[in-house]
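Residue numbers (the working numbering): 45 to 189.
Report on the following structure.
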């Protein structure tokens, strides 16, 4: 006698479910890992762009001010004109989500090495450090903005 069996056995259903579950978990893990890397890359790019903007502004200050001082004040940077007895604030760099620190090597009047570090307050492990040189040509402090 020939039995015509159509359908799936319980073992076939369980094996299919197990395979689909493993594939689903792998895809889920890859998806969330990709999202995590994407967020980290976006925050790094944002910090890098902000560091470049601050570096450009500090270069301009360095080129146009004969005497200035960069002060780390908590999570913000303050730049003071020290040409007179009473220091005057030139500009301040601050943001509610970002911390800034600067370390400047005062080795020369015409060029100074700057290490600018930015990091997110809620994720301090996401930080960006920019090493650059602030420069000015001799006599450029006499020029206006």
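Quick reminder that beta carbons are idealized off the backbone N, C-alpha and C, glycines included.
### Query
Which word fits residue 175, buried or exposed, when buried means at least 16 other C-beta atoms lie within 10 angstroms of its C-beta?
Residue 175 is classed as exposed because its beta carbon has fewer than 16 other beta carbons within 10 Å across all chains shown.
### Message
Quick check on residue 73: does DSSP put it in helix, strand or coil?
### Response
Reduced to three states, the DSSP call for residue 73 is helix.
### Query
Smallest Cα separation from residue 85: which of 179, 170 and 178?
The shortest Cα separation from residue 85 among 179, 170 and 178 belongs to 170.
### Query
Are there 16 or more other CB atoms within 10 angstroms of the CB of residue 95, so buried, or fewer, so exposed?
Around the CB of residue 95, 16 or more other CB atoms lie within 10 Å, so the residue is classed as buried.
### Message
Quick check on residue 139: does DSSP put it in helix, strand or coil?
### Response
Coil at residue 139, not helix or strand.
### Proximity of residue 135 and residue 147 at Cβ, strictly below 9 Å
No.
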